[in-house]
Amino acid sequence: MLDQLGIDHQVRSIMSSSLLAVCSPHIFVSIAWDCQEVVNIKNLMQIDAGLGQVVATDTSQIPYYLVGDKWIRLPGSLKHITVGPAGIWGVNKDYAIYKYVAGNWVKAEGLLKQLDAGGEQFIVGANMNDTPFCLTRSATVGYKGPGSPLPWTGLPGAVKYYSCGPFGCWAVNKNDDIYLMSLNQDCQNNGWRHIGGKLSMIEVATDGSVFGVNSAGQVYTRDGITASKPEGTGWSNIPMCMRMGHVTYDLGRLWVVSKSGVTMVCTH
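Right, dumping it as structure tokens:
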């Protein structure tokens, strides 16, 4: 993966030796990133940050919302949760979709295994067959429960993980191939554009930053993303002390969950 992303063996060796020198049980320092373990939450499975908010689910499918340094348990049981301009949404183990409305989860029509609220007030997601979907801004913002219109729009291609930001939507498929799509608030798009590299999950931040994790548990960020160049210029590795499984970023904080359930927050 490192070679595929253009990082040679010499750089990899330097990264490895630098990282080993600074690892400790609770403080992890990588090149340009200072990471500390989040000690008051355990066994997280997935985490999402956006617009200054942080939500997460653990291996028991308990959803949480971060208030200060305390993780507040939310009602219900979810395997995936997301927060962003479109609000707070989640899906459970049976792929049922929910929107958080006035302190409770309101069930929505449709079935998805993963969804993302990071677009310009629209929702995207993937179902159990890796079919991507989009829900328009008007339907997303206006949804308040049964009876509200919920016209999911099927999109081309097949993806297993899908995330949007201000400059576009990124996704990965079952082969860990990476794709970029321009998508507007009405779910109109121009199709997928293949981006080099391999990632098993990918997240777009509210500011357009893109981060992802590959199958080996290595963390990457996309360089050079701008409104005029939404595809960016290349991938950079963010060295970590352990194999990671999930990543999200918002307002200068990189949240990372290891494959063993350790959560870290990093700044640089």
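Going from the sequence shown to the working numbering is simple: count from 1 and add 1316.
Glycine is no exception: its CB is placed at the ideal position from the N, C-alpha and C atoms.
C-beta atoms of residue i and residue j nearer than 8 Å
i: Asn-1408; j: Lys-1429; result: no
i: Gly-1470; j: Phe-1438; result: no
i: Gly-1435; j: Leu-1515; result: no
i: Val-1354; j: Met-1580; result: yes
i: Lys-1460; j: Val-1417; result: yes
i: Thr-1452; j: Asp-1502; result: yes
i: Arg-1389; j: Ile-1378; result: yes
i: Tyr-1281; j: Gly-1441; result: Here the chain has residues from 1317 to 1584 only, and residue 1281 is not among them.
Collapsed DSSP secondary structure at residue i in the structure displayed
i: Ala-1474; result: coil
i: Gly-1426; result: strand
i: Asp-1566; result: strand
i: Ile-1323; result: Note that Ile-1323 scores 42 on pLDDT, short of 50, meaning its location in the model is unreliable; the coordinates nonetheless yield the value given after this. Correct three-state label for Ile-1323: coil.
i: Ser-1574; result: strand
i: Ala-1543; result: coil
i: Arg-1538; result: strand
i: Val-1457; result: helix
i: Thr-1452; result: coil
i: Trp-1468; result: coil
i: Cys-1480; result: strand
i: Pro-1555; result: coil
Nearest-angstrom beta carbon gap, residue j and residue i [assumed within contact, 8 Å]
i: Ala-1543; j: Gly-1481; result: Actually they do not touch by this definition, with Cβ atoms about 11 Å apart.
i: Gly-1533; j: Lys-1575; result: 6 Å
i: Val-1572; j: Cys-1582; result: 7 Å
i: Val-1535; j: Val-1563; result: 6 Å
i: Gly-1366; j: Asp-1566; result: 5 Å
i: Glu-1547; j: Leu-1496; result: 6 Å
Assigned exposure category for residue i - 16 Cβ within 10 Å defines buried
i: Arg-1538; result: buried
i: Thr-1456; result: buried
i: Ala-1348; result: exposed
i: Pro-1462; result: exposed
i: Met-1444; result: exposed
i: Tyr-1373; result: Note that residue 1373 is Thr in the sequence shown here, rather than Tyr. Flag for Thr-1373 reads buried.
i: Gly-1568; result: exposed
Spatially closest choice to residue i from the options, by CA coordinates
i: Gln-1504; options: Ile-1494, Tyr-1495, Ala-1424, Cys-1485; result: Cys-1485
i: Glu-1519; options: Lys-1545, Gly-1507, Phe-1483; result: Phe-1483
i: Lys-1386; options: Arg-1559, Ile-1397, Val-1371, Asp-1410; result: Val-1371
i: Gly-1513; options: Asp-1432, Trp-1468, Ser-1552; result: Ser-1552
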